[in-house]
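Numbering (the numbering used here), first residue to last: 27 to 334.
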């Protein structure tokens, strides 16, 4: 791959792609829902920029889903963005991206998350500093090998044109990032996670953003379609709500996007749209041995080569 094209990305082109991606994802999910539509909420920030939130609640298939586009202007980079990039302290910036979380109602249908974004930081007298980031990951409550293999096959295949080792490196980063340290367990079965992507040049980095955004749709739609109508009972529903607690814990304690949004004065309702409407916690509970619930911990929440 060429690394010679390091010019600043075309922000207008990136924004156009992201708005189209939001539209296409919502259309795909509405087709799986078969009735309910996403509510659209456009908003503007006093500090500059704004966004378009699309949220669905209490559908037949999607219990809570949010697909957010935002393009915000920052007079000063927040601490969450400069903690590992101290050279950005004092920079003004633009941040634009699409972020989504889908919580299906059926316990056999996994929660999915995806995010693709671009940051451009500027300081007077210096060339802009820019980078792409994002990825997608899957959080099942009841595991199916077929789903895990499909999810990771799509992730592998979209990475392949960008070089050997790209999938392996971003899969590992995803496994390490979506890990609840206080629980000593991963959030789900992973996928891809990348950040600070710059070295390939603006054109190739933008191409990778598009591959990841489009790849999410190809990865998730068949899984949702397979699982959304499987019969379930109170036991499966209770376990789903319990495991959703882990999702909430990660998003409120560790997630960079949540911290960035809150610290940068973003719209709180849109930032927290990733949280499910219903969730439960139990005190010091573990599943019985030999149950499908135990299999989630013993097989699916363990480091795994799903392509092997």
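Using N, Cα and C, we set each Cβ at its ideal position, and we do this for glycine too.
Let me know if residue 151 comes out buried or exposed under the rule of 16 or more other beta-carbons within 10 Å of its beta-carbon. Against the chain shown, residue 151 aligns to sequence position 125. When all chains shown are included, residue 151 counts as exposed.
Rounded C-alpha distance that separates residue 286 from residue 279: As a position in the chain shown, residue 286 is number 260, starting the count at 1. As a position in the chain shown, residue 279 is number 253, starting the count at 1. Those two C-alpha atoms are separated by around 12 Å.
Neighbourhood of residue 320 by C-beta distance below 7 Å, restricted to the same chain and skipping five residues each side: Here residue 320 refers to the residue found at position 294 of the chain shown. Hits under 7 Å: 313, 314.
Which residue comes first and which comes last in the alpha helix (DSSP H) that contains residue 299? Taking the chain shown and counting its residues from 1, one reaches residue 299 at position 273. Here residue 299 belongs to no alpha helix (DSSP H), and DSSP marks it neither H nor E.
Reducing DSSP to helix, strand and coil, say where residue 137 ends up. Reading the chain shown from its first residue, position 111 is the one you call residue 137. Reduced to three states, the DSSP call for residue 137 is strand.
If the criterion is Cβ atoms closer than 9 Å, does the pair residue 126 and residue 163 meet it? As a position in the chain shown, residue 126 is number 100, starting the count at 1. As a position in the chain shown, residue 163 is number 137, starting the count at 1. Not in contact: residue 126 and residue 163 (Cβ atoms no closer than 9 Å).
For residue 66, which residues of its own chain have a beta-carbon under 7 Å away from its beta-carbon, when the five flanking residues on both sides are left out? Mapped onto the chain shown, residue 66 falls at position 40. Cβ within range, chain order: 78, 80.
Nearest residue (CA-CA) to residue 210, options 295, 34, 272: The sequence position of residue 210 within the chain shown is 184, counting from 1. Considering only alpha carbons, the answer is 272.
Counterpart residues of residue 165 in DSSP-defined beta bridges: As a first step, residue 165 is located in the chain shown; it is residue number 139 there, counting from the start. DSSP output for residue 165 lists 137 as bridge partner(s).
Could you check the C-alpha separation between residue 238 and residue 99 for me, to the nearest Å? By one-based count along the chain shown, residue 238 stands at place 212. By one-based count along the chain shown, residue 99 stands at place 73. One C-alpha to the other measures close to 24 Å.
Less than 9 Å between the C-beta atoms of residue 51 and residue 122, yes or no? For the purposes of this step, residue 51 is taken as residue 25 along the chain shown, with counting starting at 1. For the purposes of this step, residue 122 is taken as residue 96 along the chain shown, with counting starting at 1. In this structure, residue 51 sits away from residue 122, with a CB-CB distance that is not shorter than 9 Å.
What is the rounded straight-line gap between the Cα of residue 93 and the Cα of residue 116? For this step, residue 93 is matched to residue 67 along the chain shown. For this step, residue 116 is matched to residue 90 along the chain shown. Roughly 30 Å between the two C-alpha positions.
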